[in-house]
Amino acid sequence: MTSTLRSIQEILEMEADSKTDSVEREALRKRAQVVKELIETEEEFARDMLHVVKTYLRDLDNPRVPKEIRDLRDAIFINFEQISDFHN
Numbered sequence: 445m446t447s448t449l450r451s452i453q454e455i456l457e458m459e460a461d462s463k464t465d466s467v468e469r470e471a472l473r474k475r476a477q478v479v480k481e482l483i484e485t486e487e488e489f490a491r492d493m494l495h496v497v498k499t500y501l502r503d504l505d506n507p508r509v510p511k512e513i514r515d516l517r518d519a520i521f522i523n524f525e526q527i528s529d530f531h532n
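Everything in the sequence shown is counted per our numbering, starting at 445 for the first residue and increasing by one.
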């Protein structure tokens, strides 16, 4: 769990602790769960993007890869490195 995720979760939990109404506490707990899931999904997406860049995209620069396939690199992976850099 990243420090950002921990911080958000702690803030939401503090809000939930300070509320006395059980309906509000449940709403805050659900919101904390949604935020946690969004952050975890984003982290997983970023790891997957980085894996694709390191594993597949870099391999296409190898001169042993047929030229026809190397020529399709940009068509297949357009903006992929930029998107991966942004998320990592």
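Even for Gly, the Cβ is constructed at its ideal location relative to N, Cα and C. Here the structure is a predicted model, which is why all the values come from computation and not from measurement.
How many angstroms separate the CA atom of residue i from the CA atom of residue j?
i    : j    : result
L494 : I483 : 17 Å
P507 : D518 : 16 Å
L504 : F524 : 13 Å
E470 : I452 : 16 Å
R502 : V509 : 11 Å
L472 : E481 : 14 Å
R475 : I520 : 37 Å
Which residues mark the beginning and the end of the alpha helix (DSSP H) in which residue i is found?
i    : result
K511 : 511-514
R475 : 466-496
D518 : 517-520
D505 : First-last for D505: undefined, no H or E at that position.
Review point. Touch check for the segment 497-513 and the segment 522-529: three-plus C-beta pairs under 8 Å?
Key: yes
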